[in-house]
Amino acid sequence: GMKVAQASKHMIFTGPPGTGKTTIARVVANILAGLGVIAEPKPIETSRKDFVAEYEGQSAVKTARTIDRAMDGVLFIDEAYTLVQ
Numbered sequence: 071g072m073k074v075a076q077a078s079k080h081m082i083f084t085g086p087p088g089t090g091k092t093t094i095a096r097v098v099a100n101i102l103a104g105l106g107v108i109a110e111p112k113p114i115e116t117s118r119k120d121f122v123a124e125y126e127g128q129s130a131v132k133t134a135r136t137i138d139r140a141m142d143g144v145l146f147i148d149e150a151y152t153l154v155q
């Protein structure tokens, strides 16, 4: 048969503060865990401090650790736009 590309499992929740983005991420994680798609029913909630280090060269290590914590689960990055500031 024909090879089919694997579907992306990424989701982006956007909107102003107070619109329920974090709540929806928690609900989605719980649903995906209930369906057996992921193992961990609670998202790993992160922010800029979990990715960006104070000194040059340390951000890659922090980022890898943060991503590793979320393997087989949901990684939620609160205010992700701050990662590029």
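By our numbering, the letter at position 50 of the sequence shown is numbered 120, and the numbering carries on one by one without gaps.
Note that beta-carbon positions come from the ideal geometry of N, C-alpha and C, so glycine has one too.
Model, not experiment: these values are computed from the prediction.
Spatially closest choice to residue i from the options, by CA coordinates
i	options	result
residue 110	139, 74, 71 and 154	139
residue 98	150, 119, 78 and 144	144
Outcome for residue i when other beta-carbon atoms lying within 10 angstroms are tallied against a minimum of 16
i	result
residue 116	buried
residue 101	exposed
residue 75	exposed
residue 95	buried
residue 113	buried
Anticipated Cβ contact below 8 Å, residue i with residue j, distance rounded
i	j	result
residue 73	residue 83	Contact doesn't hold; Cβ gap of about 31 Å is too wide.
residue 121	residue 133	5 Å
residue 89	residue 118	About 20 Å; that fails the 8 Å criterion.
> For the region 102 to 141, which segments carrying the beta strand (DSSP E) assignment without a break, of at least 3 residues, lie completely within its bounds, in sequence order?
Replying inline: 114 to 116
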